[in-house]
Amino acid sequence: MNIHDVIKGPLITEKLDKAREKFRQYSFIVDKKATKIDVARAVENLFKVSVEGVRTNIVRGKTKRVGRSIGKRPNYKKAVVTLKVGDTIELFEGGTVEP
1 MNIHDVIKGP LITEKLDKAR EKFRQYSFIV DKKATKIDVA RAVENLFKVS
51 VEGVRTNIVR GKTKRVGRSI GKRPNYKKAV VTLKVGDTIE LFEGGTVEP
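Shown next, in the form of structure tokens:
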């Protein structure tokens, strides 16, 4: 799998901001077919950092309703990557999000 196809983008929430500061953990939305090894290689090659561990899970889409119409948000795969001590990833450069 191509490393540019593995990572779709960063996942940014308040809870993940705390994990980033405290535990050196960064979260990404990744391709559903990507393995932990694929994610680790992609992060190491794209951001030039050392990966200590990767945890993945598939987030199930919620069922949403507007009036009588019922829809479903898509499922996606989330990867939480732990970096080695001293490594960081700049997610924001010039106001844009860079995967």
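Residues in the sequence shown are numbered from 1 upward in steps of one, following full-length UniProt numbering.
Where is the CB? At the ideal position from N, CA and C, for every residue including glycine.
A quick note: this is a predicted structure, and the numbers were derived from the prediction, not measured.
- The segment 62 to 70 makes no contact with the segment 13 to 31, as fewer than three CB pairs between them are under 8 Å.
- Looking at the backbone, the Cα of Gly9 and that of Val30 are separated by about 7 Å.
- A direct Cα-to-Cα measurement between Lys77 and Ile12 gives close to 14 Å.
- Distance between Thr88 and Pro74, taken at the CA atoms: about 30 Å.
- Taking C-alpha positions only, Arg60 is separated from Ala79 by approximately 14 Å.
- The distance from the Cβ of Ala42 to that of Val54 is about 10 Å, inconsistent with a contact at the 8 Å cut-off.
- Collapsing the DSSP output to three states places Glu52 in a strand.
- Glu52 and Thr82 do touch by the CB rule: their CB atoms are close to 5 Å apart, below 8 Å.
- Annotation: the continuous alpha helix (DSSP H) that includes Ala42 extends over 36 to 47.
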